[in-house]
Amino acid sequence: MSLVDALGDPPKHQAILNARRRQRQQQHRLQDRWDQWQQQATAVKQRSQMRLSQLLVQLEQRLQQQGVQVHWAKDGVEHNHQVVSLLQRHQCQSLVQGASRLLQECDLAAALTAQNISLSPSDMAGKLRQSGIDTSMNSAQIAQQLQAQRANSTDVTAKPAEPLMPCPVLLTKTLRYQIRQQLLHCEAVIVEAKWAAAEAGALVLCGNEGDQELALGIAPVQIFSLALDSVVANLTEVMALARVYGPNTTGQRWRTYHSIYRRPRPNTQMHLIIVDNGRSQALQHPNLSGLSQCIGCDACDLHCPVVVASTEFPSVHQTAPVSAALRHGMPLPLNLAHDKTQAANSSISGLCTGCGACEVVCPTQVPLLRAMGHWRHQHRFMPSPQWRHGMRLRTLCASPSRLRLAGQWARRLRRWLPNSALTLLFGHWGTSLAMQQPANLSVEQWFAQRQTNKGMS
Amino acid sequence: MQILTALRQAERQPHREDVATARASTVEPKRCLASAAPACVAQFMAELAQVGGQCIAVADRSALMPTIEGLVTNGQSLLSLCHEVAGNRQFQSAPEALHDIDWAVCHAQLGIAESGAILLDDRQCGQRVLPIIAEQLIVVLEQRQIVATMSQAVEFWLQANPELDWGWGSFLVGPSSSHAIDDQWIRGAQGGCSLTVLLLP
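Below, the structure written as structure tokens:
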């Protein structure tokens, strides 16, 4: 279960967080060459950044020579459009998708729903989420929900002969059977290539379940999406990144599968979509260029104090500000990001305490604090609705006479307005507060009156 | 091409030069080959056991079949891509036709001591889906094929095939696993449920 899956259950979230930290630290203690590996991984990313355009051209040429069709997408919308047109060209009505942060960033699911193309996740957590089951639930609750769904299902094969036992092993086997049936008949699959090696013309996947490998081995149409900053020179460099990826992600020394794809299977189609989505623009910026060193391992999530603190306050974001920002496409220039992302980002950047724990643990030494400082500065000048209200209030309070007058009117209004109107005005803040009836006088007026009375007596 | 133009502009930015000079290339030092160091074999066996695999030392090639017979129970299907082992299933060119294979046997390209991984490519497996779709996977490996690190494995693999005549390759570090439920690692997700390495001297 990922940290994000456990967001709904703060104690469980905390337990997973602690377990992952322990696993990561254990790996750290066991490996005497940990620092050297981090330096190697950083050097690999920085070297490839310096000649990204060359590497991408080389990768494209190599893959085309091997029969892979390469497409370019400047943003998520274009990526989704290309996926849809590929599926239509190959007359595919359904698509299997491997777990991927890039596809989430592009919002592929929404684009496919709009085109009536069914999308099925190939991983177990994704399958549970698709069935409407909260993956933070324990095995007994999951078994109960699956049982209820099967009882209502019209599919004869889905009905179990015996009731499901609340045992993680048995439930995993049940899910395995279900997903396998889907994967064995899939017509198209889309996965995120974790890395690409330009010299060998190879795309690399990294995972534990083997779901992506199974789907890619069966489906006649295979689509790979690749973030353009995930290209490195050769496979040896890929291994330098994979070495630090496993321990930081799940605490494993190595992920179970590192699969390398160079050409399509006979009589099948293999496509690669190289996605920019603002990365080339971020690379031009001195404060944001280092973000392309990120390998998406979530080590920053595991060590962020805001994550720990926010588990006590579920309304607050429960991933590290830095990680949430990377996940929501914060590196993008503001004009490219979605509106909802902008709103989320403005609050995310404000949550960061600037302690630098994320930067210390980052295996590729991404300059996260510098980027976070940049975002904060940028969002300070973003005209949000709250900012506009604040400016009006500031104008009102600028002169003492105006403030006095406003206070008088506010007190009068409060007497007449019902509590529900206050909730509308102040939102969540208004609901949580037990609003008192206002005094007749302001503090200033009361103090002046008191002084006058004292003088008279 | 707009994207490439933007990237070339980024590469010419003055702040990029700091990065270029700051990081010197660090090359991983060469370490022992297993043929020269038996410690690597022991490390390979220990690492494989840690990731949930099983390593059985076999005296010679003639002992492969009896060992496999001891693992496979009656009625289970066995697909073998090793000429020393006779299977009861024929190889199918359609990948979905392999879905009911209980056991698959194939040769490994390399074994890696530091991770307990084995390297397979489509020249050993025939179908790239075979090591994933089979319920249980048995891999035949010789001790001289074990290298120390993953990076070395990649180098040997590429040096052995400079013309890059493979279309797919995979490093398997134990059987497939998932931690989707109760955050417990359960072996046997979509890939094989077990991995057995038969180690030849």
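Chains as they are written, first to last, in the numbering used here: chain A, 1 to 457; chain B, 1001 to 1201.
No residue lacks a Cβ here, since even glycine has one placed at the ideal position from N, Cα and C.
Please read these numbers as outputs of a predicted model, since none were measured by experiment.
Ala-421(A) has its alpha-carbon roughly 36 Å from the corresponding atom of Gln-451(A). Under the Cβ distance rule, Ile-295(A) does not count among the residues neighbouring chain B, no pair being separated by less than 9 Å. Linking Ser-399(A) to Leu-405(A) through their CA atoms gives a straight-line distance of about 10 Å.
Rounded to whole angstroms, the gap between the alpha carbons of Gln-104(A) and Val-96(A) is 14 Å. Collapsing the DSSP output to three states places Val-169(A) in a helix.
By the CB criterion at 9 Å, Ala-1189(B) and Glu-187(A) fall outside the cutoff. By the Cβ rule, the segment 1180 to 1187 of chain B does not count as touching the segment 1135 to 1147 of chain B, because fewer than three pairs are nearer than 8 Å. Close CB contacts of Val-84(A) within its chain, under the 8 Å cut and outside five residues either way in sequence, are with Ala-111, Leu-112, Gln-115 and Ile-117 (chain order). The straight-line gap separating the alpha-carbon atoms of Ala-448(A) and Leu-413(A) is approximately 23 Å. For the segment 1180 to 1196 of chain B, the set of positions with a beta-carbon nearer than 8 Å to some beta-carbon of chain A reads Ala-1180, Ile-1181, Asp-1182, Asp-1183, Gln-1184, Ile-1186, Gly-1188, Ala-1189, Gln-1190, Gly-1191 and Gly-1192 in chain order. Less than 9 Å divides the Cβ of Pro-166(A) from the Cβ of Gln-144(A). Interface residue (Cβ-Cβ distance to chain A less than 9 Å): Pro-1162(B) is not classified as such.
Here the alpha carbons of Gln-147(A) and Ser-131(A) stand approximately 12 Å from one another. For Glu-359(A), the closest Cβ of chain B is not nearer than 9 Å. Within the segment 206 to 224 of chain A, the residues whose Cβ lies closer than 8 Å to any Cβ of chain B are, in chain order, Asn-208, Glu-209, Gly-210, Asp-211, Glu-213, Leu-214, Leu-216, Gly-217 and Ile-218.
At a Cβ-Cβ threshold of 9 Å, Gln-69(A) and Leu-272(A) count as neighbours. The criterion of a C-beta distance shorter than 9 Å is not satisfied by Leu-108(A) and Ile-179(A). Measuring C-alpha to C-alpha distances from Ala-198(A) to each of Gln-281(A), Ser-48(A), Gln-91(A) and Cys-300(A) identifies Ser-48(A) as the nearest. Here Thr-135(A) carries a coil assignment [DSSP, helix/strand/coil]. Leu-1200(B) sits away from Gln-1152(B), with the two beta carbons spaced by 9 Å or more. Taking C-beta separations shorter than 8 Å and ignoring five residues to either side along the sequence, the partners of Cys-1193(B) in its chain run Glu-1135, Gln-1136, Pro-1175, Ser-1176 and Arg-1187, following chain order. Unbroken alpha helix (DSSP H) runs of no fewer than 4 residues, entirely contained in the segment 1061 to 1094 of chain B, are found at 1064 to 1071, following chain order. Among the residues facing chain B, Ile-16(A) is included, as its CB has a counterpart in that chain under 9 Å away.
Look at Pro-305(A): its C-beta is not under 9 Å from any C-beta on chain B.
Of the residues assessed, Trp-446(A) falls on the exposed side of the cut-off, its CB having fewer than 16 other CB atoms within 10 angstroms. The Cβ atoms of Arg-402(A) and Leu-393(A) lie no closer than 9 Å to each other. Distance from the CA of Asp-75(A) to the CA of Leu-228(A), rounded to the nearest whole angstrom, comes to 11 Å.
Bridge pairing for Tyr-245(A): absent [DSSP]. Considering only Phe-1156(B), Val-1154(B), Ser-1093(B) and Ile-1112(B), the residue with the shortest C-alpha distance to Cys-1125(B) is Ser-1093(B). Counting along the chain, Trp-195(A) sits inside the beta strand (DSSP E) bounded by residues 195 to 197.
Inside the segment 207 to 270 of chain A, DSSP marks whole alpha helix (DSSP H) runs of 4 or more residues at positions 211 to 218 and 235 to 249, from first to last along the chain.
According to DSSP, residue pairing for Gly-1169(B) in a beta bridge involves Ile-260(A) and Asp-1121(B).
In chain order, Gln-1002 and Ile-1003 make up the part of chain B whose C-beta sits under 7 Å from the C-beta of Lys-74(A). Spanning the alpha carbons of Gln-93(A) and Ala-1086(B) requires a straight line of approximately 41 Å. Just measuring C-alpha positions, the residue of Phe-1171(B), Ala-1117(B) and Gly-1191(B) sitting nearest Ser-1178(B) is Gly-1191(B). In this model, Ala-1059(B) and Leu-1198(B) are separated by some 10 Å (Cα to Cα).
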